[in-house]
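K.L.:
From first to last, the protein sequence lines are chains A and B.
When the letters of the first sequence are read in order and numbered with my numbering, they come out as residues 329 to 1213.
When the letters of the second sequence are read in order and numbered with my numbering, they come out as residues 1245 to 1357.
Yeah, the Cβ is synthetic: ideal placement off N, Cα and C, and Gly gets one too.
Dropping a structure here in structure tokens format, bear with me for questions.
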Amino acid sequence: MICWSRLRSWLRATHHRSRMESEMDAELRFHIEALAADLVRSGVSRQEALRRARLEFGAIERVKEEGREARGISFVDEMMQDLHYGQRVLSKSPGFAVVAVLTLALGIGATTAIFSVVNAVLMRPLAMEDPSRVVYLQEQWRDLFPGVSVGNFADLKRQSTSFAKLCASNNASFNLEARELPERVDGEIATADYFATFGVQPIAGRFFTVDEDKPGQARVVVISERLWRTRLRADPSVVGQPIRINGMPATVVGVMPKSFDPLLGNSDLWIPAAYTAEQLADHDDHYLNVVGRLKANVSLAQAQSELNVIAQRLQQQYPLDDQDRGFRLQPLATALLGDQRLGLRMMLAAVGFLLLIACANIANLQLTRSRSRQKEIAMRAALGASPRRIVRQLLAENLVLGLVGGVVGVLLAYWALSWIMAHGPAEMPRLDQSRIDASTLAFACAVALFSSFFFGLAPALRSASTRLNEVFKMGSSTSGGTRDRVRSLLVVLEVSLALILMVGAGLLVRSALLVSHVDPGFDTSNVVVGRVGLPDPGYHDPAVARQTFERMITVAAALPGVESAAVVSRAPLAGGGSSNGLLAEDQGLDLSNLVNSQLQIISPSYLSTARVPLKAGRDFTPQDRRDRTLVAIVNETLARTIWPGENPIGKRFACCEAGPKGRMDPVWHEVVGVVADVRAWGLDHQVQPEFYIPIAQMPPSAWDWIGRTMDLVVRTGGGVVPVHELQSVVASVAPAVPIYRLSTMQQKISSTLERSHFDTFLLAIFATTALLLSSVGIYGVLSNIVTQRTRDIGIRMALGASQAQIAWDVLGFGMRLASIGLVLGLVGALAATRLLSSLLYRVRPTDTITFTAVSVILLVVALMASYLPARRATRVDPMVALRYE
Amino acid sequence: MGKQLDLLQGTLDMLILKAVSLGPLHGYGILLRIQQISKDRLEIQQGSLYPALYRLEHLGWITSEWGESENKRKAKYYRLTAAGKRRLQAETQNWNSMADVIAGILGTKPEEV
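Okay, here's the thing in structure tokens:
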């Protein structure tokens, strides 16, 4: 309110106003002096002349006031008057004003905070030239969408005509040595037109050229602004300088701007792909991110149909690799951000509901007040205010509420947004770019205006249509029938919206509870995991790489407090993985029998270290070397998939490599054990078929697939996590090689659940708030009705109605409102929660338990909200009530 | 100098428009000119001139700018606008026909009814 009066006085003192005043002053003074001068000329003394001139002129202040009025009160002035009046009215009922402002601020604040996240994550265009023409290309095989093989990419690039540019990259991480300690940084191995495809210019230097993107060239690297700033101390002469990547020297040729992260992978450096002839002929490894820029006259559908034609050609050309293989094209924004849409839209809908409930509550309060203000308004009408003016004035009052609520709401949004950014899921791309900026403020402003209109219009129209004589004739006992109907309707609306929110939150909570009871398939306590990547130059020889990891295991296992240590190509929940096609020996060597399965390369100690229960057969031993029978252990899902109902031990399957007689010469692996399913992709994800092979038997080429990178897994006795010790273990065995993503298994699990917990938490808060607000709504309507009908109640009691009957009437009315809202809400919830199904784990969107529980909670709260007014009704003293007015 | 007449309600605007139609004038000058043309037979309350001036200016019939008076003082001069000119014509016509009608009514003798 203080702010408001300051604003007003500032407006009043505007330049225009004050100039007008001083001009008027000068003009009137001129008149009086001219008149006096004429009188002097006719022989009067100067002093007498001035006196007579003033007398003849008349009261100068009245002239000025009339002059101001004559200039016409402008629309702005009138509005300022209305706003001023509204502010005065509100400051006279501070209780109402505070409740209304806080309710509204809650709605606006929540809506604005979520909107700024949605704006940053989904709505802001990707930071590149004309992002709408940039498309993401994947292969399609059965129901999987893997990356593109280098061979297929090369053929696509040659044959397609739809793209102005087509580039490929794959994510990789690198050991970077630049000035300080070696560090693992994420980056991409990209083709030369990668940068041109996105159309972004470097802030220093240049991209790599087509010539540099050929095998055998001196290594060049383009780095991110972040890497340049944090690791190279923002050295202005960085271009042309050497750094060491994976132990090899490379020259920095360019620095990309801060905003450049086209695939949202937090890439810090890019090196040329320089595919070798061998890679270009490989149609079997599907791992490339392919991005294209459509030509100006080509639509997505046209490009897709061209790809379909090329896919058919490739299927004939490479029947072994490309059988059943197609291509899928998507807008890049969809590919990168599509996963975020559902959750964020759900949040936006939830806060929208919350805002509507808040508005309905304020409208209800206003309707209550408008009753007690009827006389004031009738008086204004009697004094000549037109209905339009009264509506405008009441709307202005609501506008004041809306604006103050908006300001407080934005403050609330600031706070909420910083909380969201601190606790929000790390995996959500661009979340860190959320901020309260011009567009968010404009949104908050629009929301405030919309809300004040929404909650102000009904009461204002109602007041303006009040007939004078009715008001003055009427005592306060007769109940305004239509007013109650509008209010009841608002309460029903609130209850039904709250119920929808509660059902949504209830489903998510139930799903989260179920997930928390999922067995991860191994013992997650006291396990520490970190990732180690050996650089190609020093560790190219498979034997050297294997021995290095084996030495790491030995040294780590000898650490005090460590029970055992092991390596695995991808620890559970580490993300990513290597998918392979298996062919079972007893089912015929036909590609249509191919079963897709995750491959894990493990040291013999892994299953016992992670405590993955062995269900049948035996574990690996150090004797399972490449000169012995090749063996494998499968998980239960894979066993069930290939050999349903049979004992898999002793069965053989082909995979992973080809024998000396060519591609279809099978290399058999014998199943020696079956282990429990491990939830490798997260507790709420389905288990994939998975098999394990020992590190000593892995095909030499597999070192290239896994990038010589493995997860070091250590089980401790429960003591302090030996993070620093593990770093020095790795450094002592492989100098200048860092260990990264080092954390406990429990941390990894909670980080995969971060997103769903976050959604659940927020939605639960919104639902609780909605429930509270709507119970306040029920309470407000009922207690108002009781007040209005005090005399009716008194008469009924005088005529012999029992207290219980009176109480039942009030309770019954409250419960009727709640039940109607409940039914409407249930219908709405059935329609709405279907959209949630992909966020739910083992809970159907129509889950009976949730629907029942939520309905019961709502009815109990409604009952409590109705109880107080009902009790008050029973306390009515008939004598007092009858004398009441 | 004959008897002074009170100004008829609503006629001041017309007189001001007429006065400034003869050339730009400041407020005091307008007053003098009306008195001069009416041969001092109209009594105008000095102060009441200004609200009327501001109203006419607000309506866009006259416009003002600061200039120098005969005795080198700063004064605000009013001028008729195009809209004001039209207004004056309409008012004059209206007044004349109204005056005819009124005069006709007032001049009616009993035998004419």
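From B/A1334 to A/T440, what distance separates their C-alpha atoms?
P.N.:
Counting from 1 along the second sequence, the entry for residue 1334 of chain B is found at position 90. Counting from 1 along the first sequence, the entry for residue 440 of chain A is found at position 112. So the alpha carbons of these two residues sit roughly 58 Å apart.
K.L.:
When you compare the CB positions of A/S762 and A/L745, do they come within less than 9 Å of one another, or not?
P.N.:
Taking the first residue of the first sequence as 1, we reach residue 762 of chain A at position 434. Taking the first residue of the first sequence as 1, we reach residue 745 of chain A at position 417. Cβ distance < 9 Å, so A/S762 and A/L745 count as in contact.
K.L.:
Would the beta-carbon of A/V1002 fall within 9 Å of that of A/E964?
P.N.:
Reading the first sequence from its first residue, position 674 is the one you call residue 1002 of chain A. Reading the first sequence from its first residue, position 636 is the one you call residue 964 of chain A. By the CB criterion at 9 Å, A/V1002 and A/E964 fall inside the cutoff.
K.L.:
Quick one: Cα of A/G737 to Cα of A/A710, how far?
P.N.:
Here residue 737 of chain A corresponds to residue number 409 of the first sequence, with the count starting at 1. Here residue 710 of chain A corresponds to residue number 382 of the first sequence, with the count starting at 1. Each residue's alpha carbon lies about 38 Å from the other.
K.L.:
Relative to the C-alpha of A/R1144, which candidate in A/L1186, A/L430, A/D596 has its C-alpha closest?
P.N.:
Position 816 of the first sequence, counting from 1, holds the residue named residue 1144 of chain A. Out of A/L1186, A/L430, A/D596, A/L1186 has the C-alpha closest to the C-alpha of A/R1144.
K.L.:
So A/L676 and A/F443 are in contact, right, with Cβ under 8 Å, and what is the actual spacing, rounded?
P.N.:
Stepping through the first sequence from its first residue, residue 676 of chain A is reached at position 348. Stepping through the first sequence from its first residue, residue 443 of chain A is reached at position 115. Rounded to whole angstroms, the Cβ separation of A/L676 and A/F443 is 7 Å, and the two are in contact under 8 Å.
K.L.:
So with Cβ pairs under 9 Å, would you call B/R1317 a contact of chain A?
P.N.:
As a first step, residue 1317 of chain B is located in the second sequence; it is residue number 73 there, counting from the start. For B/R1317, the answer is yes, since a Cβ of chain A falls inside 9 Å of its Cβ.
K.L.:
Determine, using beta carbons only, whether A/E349 comes closer than 9 Å to chain B.
P.N.:
Your numbering for residue 349 of chain A matches position 21 in the first sequence. Not closer than 9 Å to any Cβ of chain B, the Cβ of A/E349 fails to qualify, so no.
K.L.:
Tell me which residues of the region 775 to 787 of chain A have at least one Cβ-Cβ distance to chain B shorter than 7 Å, keeping chain order.
P.N.:
none
K.L.:
Just to confirm the assignment: which complete beta strand (DSSP E) runs, minimum length 3, are found wholly within the region 552 to 603 of chain A?
P.N.:
570 to 573, 576 to 584, 597 to 600
K.L.:
Name the chain A residues whose beta carbon is nearer than 7 Å to that of B/G1271?
P.N.:
Residue numbering aside, residue 1271 of chain B sits at position 27 when the second sequence is read from its first letter. E355, H359, listed in chain order.
K.L.:
In this structure, does DSSP put A/T537 in helix, strand or coil?
P.N.:
Along the first sequence, one-based indexing puts residue 537 of chain A at 209. Coil.
K.L.:
Contact criterion: CB-CB distance below 9 Å. Does A/G395 meet it with respect to chain B?
P.N.:
Position 67 of the first sequence, counted from the start, is the residue given in the question as residue 395 of chain A. So, interface residue.
K.L.:
May I ask you to list the residues that DSSP assigns as paired with A/Q466?
P.N.:
Here residue 466 of chain A is taken as the residue at index 138 of the first sequence, counted from 1. According to DSSP, A/Q466 bridges with A/R656.
K.L.:
Excluding the 5 residues preceding and the 5 following A/S807 in the sequence, name in chain order all residues of the same chain whose CB lies nearer than 8 Å to its CB.
P.N.:
Counted from its first residue, the first sequence places residue 807 of chain A at position 479. Caution applies to A/S807, whose pLDDT of 45 falls short of 50 and renders its modelled position unreliable; the value that the coordinates give is listed next. Answer for A/S807: I1113, Q1116, R1117, D1120, listed in chain order.
K.L.:
Could you check where the beta strand (DSSP E) with A/Q928 kicks off and where it finishes?
P.N.:
Here residue 928 of chain A corresponds to residue number 600 of the first sequence, with the count starting at 1. Here the beta strand (DSSP E) through A/Q928 covers 923 to 930.
K.L.:
Which residues of the region 1268 to 1292 of chain B have a Cβ closer than 9 Å to any Cβ of chain A? Give them in chain order.
P.N.:
H1270, G1271, Y1272, G1273, L1275, L1276, Q1289, Q1290, G1291, S1292
K.L.:
Compare the beta carbon distance of A/A776 and A/G733 with 9 Å and say whether it is the shorter of the two.
P.N.:
For this step, residue 776 of chain A is matched to residue 448 along the first sequence. For this step, residue 733 of chain A is matched to residue 405 along the first sequence. In terms of Cβ geometry, A/A776 and A/G733 form a close pair [threshold 9 Å].
K.L.:
Got a sec: which bits of the region 1312 to 1336 of chain B sit with their beta carbon under 8 Å from any beta carbon on chain A, in order along the chain?
P.N.:
Listed in sequence order: S1313, N1315, R1317, K1318, A1319, K1320.
K.L.:
What is the rounded straight-line gap between the Cα of A/I752 and the Cα of A/M674?
P.N.:
On the first sequence, residue 752 of chain A is found 424 positions in, with the first residue counted as 1. On the first sequence, residue 674 of chain A is found 346 positions in, with the first residue counted as 1. The identity of residue 752 of chain A in the sequence shown is Gly, whereas the question assumes Ile. Each residue's alpha carbon lies about 15 Å from the other.
K.L.:
Express the C-alpha separation of A/N503 and A/A578 in angstroms, rounding to a whole number.
P.N.:
Position 250 of the first sequence holds residue 578 of chain A. Position 175 of the first sequence holds residue 503 of chain A. So the alpha carbons of these two residues sit roughly 12 Å apart.
K.L.:
Please classify A/V426 as buried or exposed, where buried requires at least 16 neighbouring CB atoms within 10 angstroms.
P.N.:
Here residue 426 of chain A is taken as the residue at index 98 of the first sequence, counted from 1. Exposed.
K.L.:
What are the boundary residues of the beta strand (DSSP E) that B/W1305 is part of?
P.N.:
As a working mapping, residue 1305 of chain B is identified with position 61 in the second sequence. Looking at the DSSP string, B/W1305 is not in any beta strand (DSSP E), and its letter there is neither H nor E.
K.L.:
With a CB to CB cut of under 7 Å and the five nearest residues on each side skipped, what residues in its chain are close to A/L378?
P.N.:
Numbered from 1 along the first sequence, position 50 holds the residue referred to as residue 378 of chain A. Cβ neighbours of A/L378 beyond the five flanking positions: A364.
K.L.:
Label A/E349 either buried or exposed according to how many other C-beta atoms from any shown protein chain fall within 10 Å of its C-beta, with 16 as the threshold for buried.
P.N.:
For the purposes of this step, residue 349 of chain A is identified with residue 21 of the first sequence, where counting begins at 1. Exposed is the call here.
K.L.:
Whether or not the region 458 to 465 of chain A and the region 597 to 604 of chain A are in contact is what I'm after, with contact meaning three or more pairs of Cβ atoms, one per stretch, closer than 8 Å; do they touch?
P.N.:
no
K.L.:
Given that A/V391 touches chain B, what residues does it touch there, using C-beta distances under 8 Å?
P.N.:
Counting from one through the first sequence, the residue named residue 391 of chain A turns up at place 63. Within chain B, the residues near A/V391 are G1291, S1292, Y1294, P1295.
K.L.:
Is there a C-beta anywhere in chain B that falls below 9 Å from the one on A/F681?
P.N.:
Position 353 of the first sequence, counted from the start, is the residue given in the question as residue 681 of chain A. No, because no Cβ of chain B sits closer than 9 Å to the Cβ of A/F681.
K.L.:
Rounded C-beta distance between A/G909 and A/V923? I'm assuming under 8 Å.
P.N.:
On the first sequence, position 581 is the one that residue 909 of chain A refers to. On the first sequence, position 595 is the one that residue 923 of chain A refers to. The Cβ separation is near 7 Å, so the contact holds.
K.L.:
For the alpha helix (DSSP H) containing A/F1086, name the first residue and the last one.
P.N.:
Translated into positions along the first sequence, residue 1086 of chain A becomes position 758. Boundaries of the alpha helix (DSSP H) harbouring A/F1086: 1073 to 1116, taken from the DSSP string.
K.L.:
Please state the DSSP three-state secondary structure of A/Y1195.
P.N.:
Start at 1 with the first residue of the first sequence, and residue 1195 of chain A comes out as number 867. Residue state, collapsed to three classes: helix.
K.L.:
For a minimum of 3 consecutive residues, which ranges assigned as the beta strand (DSSP E) are wholly contained in the region 603 to 659 of chain A?
P.N.:
614 to 622, 653 to 659
K.L.:
Considering only residues of the same chain and omitting the five flanking positions on each side of A/A1135, which have a CB-CB separation below 8 Å?
P.N.:
Start at 1 with the first residue of the first sequence, and residue 1135 of chain A comes out as number 807. Excluding sequence neighbours, A/A1135 sits near A1198, R1199, A1201, T1202.
K.L.:
Could you check whether the region 582 to 589 of chain A touches the region 537 to 554 of chain A, counting it as contact only if at least three pairs of C-beta atoms, one from each stretch, sit closer than 8 Å?
P.N.:
yes
K.L.:
Less than 9 Å between CB atoms is the rule here; does A/L363 satisfy it with respect to chain B?
P.N.:
Sequence index remark: in the first sequence, residue 363 of chain A carries index 35 (1-based). At least one chain B Cβ lies under 9 Å of A/L363.
K.L.:
By DSSP, does A/P1022 sit in helix, in strand, or in coil?
P.N.:
Position 694 of the first sequence, counted from the first residue, corresponds to residue 1022 of chain A. In the structure shown, A/P1022 sits in a strand (DSSP, three-state: E or B).
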